[in-house]
Structures are given as C-alpha cells and as structure tokens.
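**Student:** There's a structure below that I have some questions on.
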C-alpha cells in the first residue's frame, strides 16, 4: 500500500464513510458493518449528494441486513473508483487532487521521490511519459470492514427465528462476502467458531488459479497465543489470515480487551521472533486443507503484521515499523479531530479539542460487559445522568444489537435498556444489601449506555439526518492518546505529523506509547484490587500476583530495550528511564493485604 498507516474502525458511525474521503488518496481505512440501518441511511445520503439513483431495501424484507451491507459496499466501491479515475485524469497542476495524492505520501516513498523528480523536468515528451508512469503506479486505499465477532444476536422475522445464517455477525459477513470489494474483513472481539466456519461458504476467501485472494481476513489480536489459536482454526479450513492487527489491551479506543498484564513491547517481540515459524506451521495446515478442497497452491501468501493503540509521534511510528519489522501502524483516535475524515458533530468536536488526560477514562458503560473507553463530556453521559435524576434510568431499546441478557426475561434484552435497569434495580432492593453495597451495585447498573444509538448520533447530527424523536445524545470512545492532541486538524496536518513533516505535539509533555500503556495497566490493576476487596480469595490473589509478575517482566524487557536502542529511534532515552523508574516504584508499592 502507498502509506505505512491505516485508519482503524472508529465506533459505528465515525468511520462509516471514511473510505469515501481518503481511499482516493491511497489511504486505507475500516468501517463498521454492525448497523445496517446506519449503512442504509448513509447510502441514501451519499446517493442524493452524488445524484445517484437510490432504491431503499426495506427492513422487513427477507435477508435485508446482508443485502443492505452488500449494496452499500458496492456503492462505496463504485463511487471511490470513479473518484480515483477522475484524479488520474487530472494534470499535475498545484491544487489538484492528483498532486495532493503524492504530496501526502511519506518522504521516504519511492513514489514521492519520483513525483518530486518529475516536477523538476521541463515540459515535454519525457515529462509526459514520467507522469504516465506515476499515474500507473497509483493505488486506491483499501475499503476494509470490521465485524465484532461475538456481537451475534439472533434475529426474528414475524415472530419466527430466521435461522443461524441470519444472526447479526453471519449476515454481516455475508453482506461483505457477496460484495464486489477486493478487501479485508477485520474480525475483532474474540473468536466465534460459527462465524469463522461460515467463511468457508464463500469462494472469495479462497485463492484463485493465480493464488490471489479477493477477500482477505485480518484478525485483531491482543497477544501471540490467541493469534496462533485463531489462525490455526482458520487454516485447517483453508482460510488464510492475511494480517494480524495487534492492538494494545488498554491504550486504545472503543472496547478495551486487557491482557493478563502482558505489555505491548513484549507482545511485539513475540511476533518478531516467532512469526516465521508460525507462518510455516500455518501454511502447511492451509495447504493441506486446500488440497482437500481441490485447490493446489505452492507459494505461501503474504502475512502482514501491524500494530495500533496509543501511537502518537513520528518517532514512535518509525521505531515500531523498523525495530519490530511491522508492515503498518494504525492511527485511530487522533483522526477524530480531522473533520474531513471522520464524523464528529460540532459540539463533541469542540469538547474533544479542549480535553485533557482526566477527561478520558475506562468505564463500565458498555452493555457487552467489557470495559469501555469513555469521554466525560459526551452528551450521552449528560443524558444518562438526567434520566437517573428523573428516576427513569436506562434507554429505550430500539435497535437491539446488544441484547444478550436473560437474567429476567426469556428473550435476551440489553443491560442499557430501561426495561433491564428497572428489573435489576427492583431485584437489588430485595437482596438485603448494605446501603454502600446497594449504591455500588446501582451505579454499575445505571452506568450502562445505549451504544447502538449513541455511536451513530454524531454522524446524524453532522449530516443533519436525525429523525424526529430520535436520540441525538452522542457516545464517543477515543483512546487515552487523544488527550495530547488539542486542536482541529486538516488531513495534511495529521498525515504530516505521522510522517514527521510537522509536529502537532511539539509543546506537549506526553509519555512514550510503551510507558503510557504500562501506567494504564498499573492503574487498571489497582482499581481491580479495590473492587475485589470484599470478595478477595486465594484464587484472586494468585491472579493478581501473576498480573504483577507480567508487568514486572515487561519493565525488565523495556529496560533492556532502552539500553539496546541507544540512538534517537526511541526519543529521549534518559526521560524513558525516568518514566520507567516511576512506574516501577508505583508497582512495587502496590501491596495486597
């Protein structure tokens, strides 16, 4: 790909049409295909904007979810392909998009070197030939999609269960698989064997006669072990993992899948040292499985390794790429401050640009029961508090994507719903709890927010698409790294920062990405200990001891790394040693009585 970074999925709506904005410049991005209503409304909006005929796909129609997703993805591909053709037909005149395409590239790019060399040539046949060569090397950015594997609600049509292939995750996958895209599906939030097995039904996931894959699989993983387990499961079915996308357990946006104390640096080291052996092992399984399907392949497909979560400077970007032999770095949350790339409404954008470290926190707000990165100044937090004060906590549940609780009902309901919170609070009142324990439990119950509507609201506000009586309370889930970016930026600003052409954080005191994650884990462990004080057991003590041990091992690794990398690749090494020493003192001072 032309760039060494990609833009990961950002909630439901924040990157729902990001490919329309950046793919023509060779920048890859990921959109969520969880919400087919959002997908349909985006297609309607952009069809009207582009003067393209729009034919709605009714919600009640059989298979409507996958059809909506397929149609939207095909629409994106058609529009972006047309935009890209227009760029390639332009002359190399200052201000044209074709010049912007090349100027956004890193200075180390061969394409960029060629572009600069072409500009120096006088007008004539040689320059025209040079320009034709440059145009032929241009590539669109990928239009990749994300599916949270375990968000897989069962669906009903006219009161009847519509079957396993129409659950949320499987129908979303089918929507992608049946599209015209030559792209990847990013599978996140853990392993879903039913979903993984379902991929065998689509030929695009298998190599053609030239060994090429039209549809590729990217696994978002938090450690080497889980990556290998999932990849083996897929390889035995003849499905190749084209990329492992390693994400920090805590220094990321959205849901936070904390490891048991395993830090990003040591995890990347595991991949660096073991990836060749892993690829050989996986290819043997893959090759054998394909033979049983009547497909012969001799050449091992490429398997990329990338990382994301908390990377904030060009120094960190380049170090991670070079030291760990990575293929790309994901830059997510900072792009929420780039209005031409993501969908953040004006009020939320203002709050984000003026925020600090204390405004971002790890919450229990997600109905999935997974810790969730939250923002104190989101309007959905204000709405949640107002509803509690009125004695009506919880949200109306209209979309039902996160219905997974059967504690009080036969059919699953959402823990953020008014129905569930009413029933749960009623139950707490009869449990004989102390006043303090009741309040603690009550706060946990009412902390849940509606993500289905909240993560789309900002998009509807920005495009003026909100329906009457539709909630416009915005939920947003940036990673902690966003605290250090304090302005609204252009695409040139952010890409220039990534590649070191400019420094948006020049006057900002910010910990290194490794140190930041380390401190997040120490804070996470301290909070876990506090929450477990009343229910402490030997099992919990062993778990905490193992967690502390892994953190300590991680710090030993970092100390050796800082000593090994003595040049400017890591930045100010003396400052890193000081930050590491402070973190060690903090961990050593943690006593579990």
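Residue numbers (my numbering): 29 to 621.
Glycine included, C-beta positions come from ideal geometry on N, C-alpha and C.
(1) Mind checking whether residue 30 and residue 55 have CB atoms under 9 angstroms apart?
(2) Could you give the DSSP three-state label for residue 172: helix, strand or coil?
(3) How would you write the range of the beta strand (DSSP E) that residue 358 sits in, first residue to last?
(4) Can you tell me where the beta strand (DSSP E) with residue 400 in it begins and where it stops?
(5) How long is the line joining the alpha carbons of residue 604 and residue 548, rounded to whole angstroms?
(6) Start and end of the beta strand (DSSP E) containing residue 243?
(7) Are any of the Cβ atoms in chain C nearer than 9 angstroms to that of residue 441?
(8) Quick check on residue 308: does DSSP put it in helix, strand or coil?
(9) In the DSSP assignment, the alpha helix (DSSP H) including residue 225 goes from what residue to what residue?
(10) Give every residue of the same chain whose Cβ lies closer than 8 angstroms to the Cβ of residue 7, excluding the five residues on either side of it in the sequence, and list them in chain order.
(11) Check residue 320 in the structure and name its three-state DSSP category.
(12) From the DSSP output, read off the bridge partner residues of residue 273.
(13) What do you get for residue 484, buried or exposed, if any count of 16 or more other CB atoms within 10 angstroms of its CB means buried?
(14) Exposed or buried, residue 448, counting other C-beta atoms within 10 Å across all chains shown (16 or more means buried)?
(15) How is the beta strand (DSSP E) around residue 35 delimited, first residue to last?
(16) Less than 9 angstroms between the C-beta atoms of residue 173 and residue 198, yes or no?
(17) Hey, could you find the ends of the beta strand (DSSP E) residue 381 is sitting in?
(18) Measuring straight from C-alpha to C-alpha, what distance separates residue 379 and residue 405?
(19) Classify residue 320: buried if its beta carbon has 16 or more other beta carbons within 10 angstroms, exposed otherwise.
(20) Restricting to Cα atoms, I'd like to know which of 364, 570 and 611 is closest to residue 513.
(21) Nearest to residue 519 by alpha carbon, out of 110, 111, 60 and 129?
(22) What separation, rounded to the nearest whole angstrom, lies between the Cα atoms of residue 126 and residue 166?
(23) So, residue 263 versus residue 223, is the Cβ gap smaller than 9 angstroms?
(24) Got a sec, what are the start and stop residues for the alpha helix (DSSP H) residue 517 sits in?
(25) Would you kindly check if the distance between the Cβ of residue 509 and the Cβ of residue 346 is under 9 angstroms?
(26) For the 8 angstroms Cβ check, are there 3 or more pairs between the stretch 417-433 and the stretch 468-484?
(27) Jot down the residue ranges of each uninterrupted beta strand (DSSP E) in the stretch 146-205, minimum 3 residues, whole runs only, in chain order.
(28) Nearest-angstrom Cα distance between residue 424 and residue 417?
(29) Under 9 angstroms, do residue 147 and residue 139 count as touching if we go by C-beta distance?
(30) How far does the beta strand (DSSP E) with residue 388 in it extend, from its first residue to its last?
(31) In terms of alpha-carbon separation, which member of 282, 284, 354 and 316 lies closest to residue 297?
(32) Give me the Cβ distance between residue 332 and residue 271, rounded to the nearest whole Å; I'm assuming they're in contact under 8 angstroms.
(33) Would you mind working out which of 486, 342 and 51 sits nearest residue 106, comparing C-alpha positions?
(34) Please report the distance separating the alpha-carbon of residue 505 from that of residue 343.
(35) Could you tell me which of 475, 141 and 221 sits nearest to residue 192, measuring between CA atoms?
(36) Output the distance between the C-alpha atoms of residue 534 and residue 266, rounded to the nearest integer angstrom.
**Tutor:** With the given structure in hand:
(1) Yes. Within cutoff.
(2) Taken through DSSP and simplified to helix, strand or coil, residue 172 comes out as strand.
(3) Annotation for residue 358: the continuous beta strand (DSSP E) segment containing it runs 356-358.
(4) Unbroken beta strand (DSSP E) run through residue 400: 400-403.
(5) Each residue's Cα considered, the two are about 16 angstroms apart.
(6) First-last of the beta strand (DSSP E) with residue 243: 243-249.
(7) This model lacks chain C altogether; it includes just one protein chain.
(8) If DSSP states are grouped into helix, strand and coil, residue 308 belongs with the helices.
(9) Counting along the chain, the alpha helix (DSSP H) containing residue 225 begins and ends at 221-226.
(10) The question about residue 7 has no answer here: the residues shown for the chain are numbered 29 through 621.
(11) Reduced to three states, the DSSP call for residue 320 is helix.
(12) Its beta-bridge partners are 248 and 334.
(13) Buried is the call here.
(14) It is buried - the Cβ of residue 448 has at least 16 other Cβ atoms within 10 Å.
(15) Run containing residue 35: 33-35, per the beta strand (DSSP E) assignment.
(16) The answer is no: Cβ separation not under 9 angstroms.
(17) Note, residue 381: premise wrong, no beta strand (DSSP E); alpha helix (DSSP H) at 374-381.
(18) Taking the straight line joining both Cα atoms gives about 7 angstroms.
(19) Under this definition residue 320 is an exposed residue.
(20) Closest by C-alpha distance to residue 513, out of 364, 570 and 611, is 364.
(21) Answer by Cα proximity: 129.
(22) If I take the Cα positions, the gap works out to 10 angstroms.
(23) Not a contact, by the Cβ cut-off of 9 angstroms.
(24) Counted as a single uninterrupted DSSP element, the stretch harbouring residue 517 is not any alpha helix (DSSP H), since DSSP gives it neither H nor E.
(25) 9 angstroms or more divides the Cβ of residue 346 from the Cβ of residue 509.
(26) Between the stretch 417-433 and the stretch 468-484 there are three or more inter-stretch CB-CB distances shorter than 8 angstroms, so the stretches are counted as touching.
(27) Listed in chain order, the complete beta strand (DSSP E) runs (minimum 3 residues) inside the stretch 146-205 are 171-176.
(28) Each residue's Cα considered, the two are about 16 angstroms apart.
(29) In this structure, the beta-carbon distance from residue 147 to residue 139 does not fall below 9 angstroms.
(30) Under the DSSP assignment, residue 388 falls in the beta strand (DSSP E) whose first and last residues are 388-391.
(31) That would be 354, whose Cα lies nearest to the Cα of residue 297.
(32) The C-beta distance from residue 332 to residue 271 rounds to 4 angstroms, short enough to fall under 8 angstroms.
(33) Among 486, 342 and 51, the Cα nearest to that of residue 106 belongs to 51.
(34) Spanning the two alpha carbons is a distance of roughly 25 angstroms.
(35) Checked all of 475, 141 and 221; the closest Cα to residue 192 is 221.
(36) Distance from the CA atom of residue 534 to the CA atom of residue 266, rounded to whole angstroms, is 48 angstroms.
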